[in-house]
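Using the numbering used here, read the sequence shown as starting at -4 and increasing by one per residue.
Data block below; observations after.
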Amino acid sequence: MIKPDCRYFNGEKPCKFKRLCEGCDQYSPMGFRILILKLAAMGDVLRTTAILEPLKKQYPASHITWVVDAASYDLLKKNKYIDRLLTFHSDLRLQLEVEAFDLALSLDKDPRSAALAMRVNAREKKGFGLSSYGNIFPLNPESQYAFDLGIDDDLKFKRNRKSYQEIIFEAIGLPYNREPYVLEVDAESAEYASETLKRSGVHDGSLLVGICPGAGPLFANKSWTIEGYAALIDSLGSLDGVQTILLGGTAETERNARIKSLARAPVLDAGNHHSIAQFSAIVQRCGLIVCGDTLPMHLAIGHGRHVLAIFGPTCPQEIDLYGRGEIIMSTIECAPCYKRTCDIIEHCMVQVPAGLVCEKARNIIETRLRRP
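Structure representation (structure tokens):
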């Protein structure tokens, strides 16, 4: 007799234990089936992992399926709370329409996931759906505040004081106790990070400060200035036992090269051809990450590292550093604005003074990372 409700059974090949169902002592029923639809962006995917442990506590005998974009797959593939990780594609709807779930959590204000939420078979749905008019709407009363943040600039930019995690927990009806991200590093990626850093010139026992100047293609104006990062490297270069290292992907190649050429103090370069899992492992090895509102910030938070984050067009109040680091917010009147491009020459990020960033970074190193 087969047991299709077993979390190890898939019906197309032997299970991980290579056993037939009859008489198998590894039978583990899925129990309460939860579907999470959180596709993008990578930083948001990562901070949404804070809900996983509380979900497992609330539903101990449960099976969690998470649907994510391919770009974020590696951030979740080692997550111990996710029973099944699926990559979003157009045909996935056919599969999920056949399945039955007890709870569907649709956490993207994105027509793709919102439409999928409307089509899946779930006894209860929370988060965001897609109306017959083609627009997003809240599926449950608790999601109203998260919905309102998207359509009310005054609420989002001025009045809101809740972090992203607090907002998401509220939307799905979970009590929030500042639960951390869940981020794992596999052994292969950890070894890659060790080899890469050694090859880059990192000394054993040094305090490594990761400099992450990039901002991604969507919000390029979240980047602080090249001159500012060079000044920061020079400032930290006078501290004994501290090494700075430039981090980024292929999009940061030219930017990092310009920073390195401007800096007078020595600065290492970790290269730019890492997978997401490998890059995450490199970030884990840093004591401090200096960056904008970007994926490296979320990776550092997920790994429990100190962060000095520089904000301009986006909202710092939605970020929780969990007491490890500081946020510098541009004081320009129009910030935050969430504009992806800006016509102002002296825009918000340009107006963040290098002296302030240097002071904050040195203070974190001297009072928190070197504290006896």
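Just so you know, even glycine gets a beta-carbon here, dropped at the ideal spot from N, CA and C.
As the structure is a prediction and not an experimental result, all values here were calculated from the model.
So for residue i, helix, strand or coil by DSSP?
i, result
"Lys355", "helix"
"Lys151", "helix"
"Glu17", "coil"
"Asn172", "coil"
"Ser127", "coil"
"Lys121", "strand"
"Gly320", "strand"
"Asn251", "helix"
"His301", "strand"
"Ile339", "coil"
"Gly232", "coil"
"Ala109", "helix"
"Gln346", "coil"
"His84", "coil"
"Arg280", "coil"
"Gly145", "helix"
"Asp315", "coil"
"Val177", "coil"
"Glu183", "helix"
"Ser67", "helix"
"Val93", "helix"
"Glu165", "helix"
"His293", "helix"
"Tyr140", "helix"
"Ser195", "helix"
"Gly211", "coil"
"Asp103", "coil"
Is residue i near residue j, with beta carbons less than 8 Å apart?
i, j, result
"Arg250", "Gly209", "yes"
"Cys207", "Gly243", "yes"
"Val180", "Gln21", "no"
"Ile284", "Val262", "no"
"Ala304", "Glu174", "no"
"Leu50", "Val63", "no"
"Lys217", "Thr289", "yes"
"Cys343", "Gly307", "yes"
"Asp69", "Ala272", "yes"
"Val352", "Ser325", "no"
"Ile327", "Ile314", "no"
"Gly100", "Ile167", "It should be pointed out that residue 100 corresponds to Leu in this sequence rather than to Gly. Yes, Cβ-Cβ distance for Leu100 and Ile167 is below 8 Å."
"His198", "Gln238", "yes"
"Asn155", "Leu144", "yes"
"Pro291", "Cys310", "no"
"Arg357", "Leu234", "yes"
"Ser138", "Lys121", "yes"
"Ala117", "Leu30", "yes"
CB-CB under 7 Å to residue i, same chain, minus the five flanking residues each way: which ones, in chain order?
i, result
"Thr43", "Lys33, Leu102, Ile163"
"Met113", "Gly124, Leu125"
"Arg259", "Asp229"
Starting from the C-beta of residue i, find all residues in its chain whose C-beta is less than 8 Å away, skip the five residues before and the five after it, and write them out in chain order.
i, result
"Phe142", "Lys104, Phe123, Ile131, Phe132, Pro133"
"Leu87", "Val62, Leu81, Leu111"
"Ser184", "Ser270, Ala272, Gln273, Ser275, Ala276"
"Val345", "Thr220"
"Arg107", "Leu34, Phe83"
"Met37", "Ala66, Ser67, Leu70, Ile271, Leu290, His293"
Taking only beta-carbon positions, decide if residue i is within less than 8 Å of chain B.
i, result
"Ser270", "The question asks about chain B, but that chain is absent: this structure has only one protein chain."
Whole-angstrom Cβ separation of residue i and residue j, contact assumed at under 8 Å?
i, j, result
"Ala182", "Ile277", "Not really, about 15 Å apart at Cβ, beyond 8 Å."
"Tyr176", "Leu89", "Tyr176 to Leu89, Cβ: 32 Å. No contact."
"Thr60", "Leu47", "Actually they are not in contact, since the Cβ atoms of Thr60 and Leu47 sit about 12 Å apart, beyond 8 Å."
"Asp97", "Phe12", "Incorrect: roughly 26 Å between the Cβ atoms, too far for contact."
"Ser201", "Asp264", "Contact doesn't hold; Cβ gap of about 15 Å is too wide."
"Gly281", "Leu203", "Checking the sequence, you will find Cys at residue 281 rather than Gly. Indeed they touch by this definition, with Cβ atoms about 5 Å apart."
"Ile(-3)", "Cys16", "5 Å"
Residue i bridges to which residues according to DSSP?
i, result
"Thr60", "Leu30, Arg79"
"Thr239", "Val204"
"Pro133", "Phe123"
"Pro9", "Paired residues: none, contrary to the question."
"Leu98", "Ile29, Glu119"
"Gly287", "Ile305"
"Leu263", "Ile240"
"Pro24", "Cys1"
Give me, in chain order, the residues of the same chain whose beta-carbon lies closer than 6 Å to that of residue i; leave out the 5 immediate sequence neighbours on both sides.
i, result
"Ala377", "The requested residue 377 is not part of the displayed model; the chain covers only -4 to 367."
"Leu257", "Ala225"
"Ala110", "Leu125"
"Gly320", "His301, Val302, Leu303"
"Tyr171", "Glu161, Phe164"
"Met25", "Asp0, Arg2, His58"
"Asn74", "Val177"
"Leu91", "Val115"
"Ala349", "Gly223, Ala226"
"Gly6", "none"
Do residue i and the ligand COA come close, with the Cβ less than 7 Å from some heavy atom?
i, result
"Leu91", "What this structure holds is no ligand at all, so the ligand COA is not there to describe."
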